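If you're matching them up, the sequences are chains A and B in order. FYI, this note's numbering numbers position 136 of the first sequence as 971, with every residue one higher than the one before it. FYI, this note's numbering numbers position 102 of the second sequence as 937, with every residue one higher than the one before it. See structure below.
There are 2 protein chains.
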Amino acid sequence: MTSVKKDFETEKQVFSEHIQKAGLRHTAQRDLILEIFLRTEEHLSSEDLYWLVHKEDSSVGHTTVYRTLKLLTDAGLAREVRFGDGKTYYEHHYNHEHHDHMICTECGKVVEFYSPEIEALQEKVAAEYGFKLTHHSMRILGLCEDCLTREKELNGAASGAQPRVRVKSVVGI
Amino acid sequence: MTSVKKDFETEKQVFSEHIQKAGLRHTAQRDLILEIFLRTEEHLSSEDLYWLVHKEDSSVGHTTVYRTLKLLTDAGLAREVRFGDGKTYYEHHYNHEHHDHMICTECGKVVEFYSPEIEALQEKVAAEYGFKLTHHSMRILGLCEDCLTREKELNGAASGAQPRVRVKSVVGI
DNA sequence: GAGATGTTGAAATTCGCCGTCATTTCGCTG
DNA sequence: CAGCGAAATGACGGCGAATTTCAACATCTC
């Protein structure tokens, strides 16, 4: 890296090539949306990103952001993720290792992790049932360290404290 | 078991106790919905169950079925599961082993599986990050044996066949 | 069995997703 | 660099699932 500030040259390159190959067009909106997406390290919903874009160019509409995120997904720059709240979030995908998510049900913190052992076992299980694995998703819900200690402190005062878990029965996907 | 036909006594008992403890009321609708839910072994959406109930008592509305399923979930008799099609399904939970799901992206078949190794690794990963694991969900997407062989046969005829995968980029949850 | 309170069910609302369409913009060509 | 055809844009609206509202009703308690 020659500069301290990231300029996302390679990502933009990937996007341009995808645009080219798919016979699509290069537009100012798409550039702006990509730029802001890359600058933001968090998991973003289409709506979240819309507001970030809106701050810099209020003429860009929801639809364009929505469609551009799909485009980024096709280009391999973004990845769709769902955390169980019904919304679709996007995260950086290019040059990012595959990973799964661990979510704190108290504060909403999201930790990304990767376990090669689990990956291998998934392949094994799939093979046992004759499946050819194409994707998988895994989500671990629990309490993060901070919320755990905070809860213990509270329990010191009030004994039968409520578990205060927001995500109730979203055990599924 | 003394009778061949399942009468779900214990499940009904659990439900009654939950109703009691929560200060709720025992109603004919709830009984009927529970009964039909228990009789049906598949993954049911609220809508699915509504129609089954409707056949036996057409006066019961969508809302009641919807709310009763939530109630059953709270009571620990049902579990919500989502397979990525936007709908929420429910499966039996009481006295049912925990398991995860493997879904065929071609025919929609759902296989339940359980891997103690994966479970243990999840605990381990959570511990590494200071998390106290409360739930988790895991979904493996792929092609089942039948669809795999069918695809191979088709590939014999048409060479560059499309992968025909319905679930595109639903990598998340 | 009467009153308090929880429950029911139709309808309406909310919310995210996605298609439509008139208008604008891009990128090529001459 | 002007013109043209195709693609992109953005406002709007439809759709389906989830959820809330509210008046009528059922259930439990005393």
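Think of the CB as a built atom: it goes at the ideal place given N, C-alpha and C, for glycine as much as any other residue. All figures in this text were calculated on a predicted structure; none of them were measured in a lab.
Q: From the DSSP output, in three-state form, read off residue 981 (chain B) for me.
A: In this structure, residue 981 (chain B) counts as helix in the three-state DSSP scheme.
**Q.** Runs of alpha helix (DSSP H) wholly within the segment 879-953 of chain B (minimum 4 residues, chain order)
**A.** Those alpha helix (DSSP H) runs which fall completely within the segment 879-953 of chain B and span 4+ residues are 881-891, 897-909.
Q. Just by C-beta distance, which residues in the segment 865-879 of chain B are closer than 9 Å to chain A?
A. Answer set for the segment 865-879 of chain B: empty.
Q: Can you have a look at residue 859 (chain B) and say buried or exposed, based on whether 16 or more other CB atoms are within 10 angstroms of its CB?
A: Exposed is the call here.
Q: Name, please, each residue of chain A whose Cβ falls closer than 7 Å to the Cβ of residue 948 (chain B).
A: At a beta-carbon threshold of 7 Å, the residues of chain A lying near residue 948 (chain B) are 960, 964, ordered along the chain.
Q) Just the Cα atoms here: how many angstroms apart are residue 870 (chain A) and residue 934 (chain A)? A) Straight-line measurement puts the Cα of residue 934 (chain A) at about 23 Å from the Cα of residue 870 (chain A).
**Q.** Listed by chain order, chain B residues near residue 953 (chain A) by CB distance under 8 Å
**A.** Within chain B, the residues placing a beta-carbon under 8 Å from that of residue 953 (chain A) are 953, 956, 957, 960, ordered along the chain.
Q. Should residue 942 (chain A) be flagged as near chain B, meaning a C-beta pair shorter than 7 Å?
A. Put simply, the CB of residue 942 (chain A) is far from chain B, with every gap to its CB atoms at 7 Å or more.
Q: Tell me whether the beta-carbon of residue 878 (chain B) lies closer than 7 Å to the beta-carbon of residue 926 (chain B).
A: Between residue 878 (chain B) and residue 926 (chain B), the C-beta gap is smaller than 7 Å, which places the two residues in contact.
Q | Integer Cβ distance of residue 961 (chain A) from residue 937 (chain B), believed to fall under 8 Å | A | About 7 Å; that satisfies the 8 Å criterion.
Q) Is residue 861 (chain A) helix, strand or coil when you go by DSSP? A) The DSSP-derived three-state label of residue 861 (chain A) is coil.
Q. Under a CB-based cut-off of 7 Å, is residue 969 (chain B) close to chain A?
A. For residue 969 (chain B), the answer is yes, since a Cβ of chain A falls inside 7 Å of its Cβ.
(Q) Distance cutoff 7 Å, beta carbons only. Does residue 978 (chain A) sit that close to anything in chain B? (A) Yes, residue 978 (chain A) counts as interfacial toward chain B.
**Q.** Where residue 1009 (chain B) sits in the DSSP three-state scheme
**A.** One cannot answer for residue 1009 (chain B) here, as it falls past the ends of chain B, which runs 836 to 1008.
Q) Is the beta carbon of residue 912 (chain B) sitting closer than 7 Å to the one on residue 924 (chain B)? A) Contact: no.
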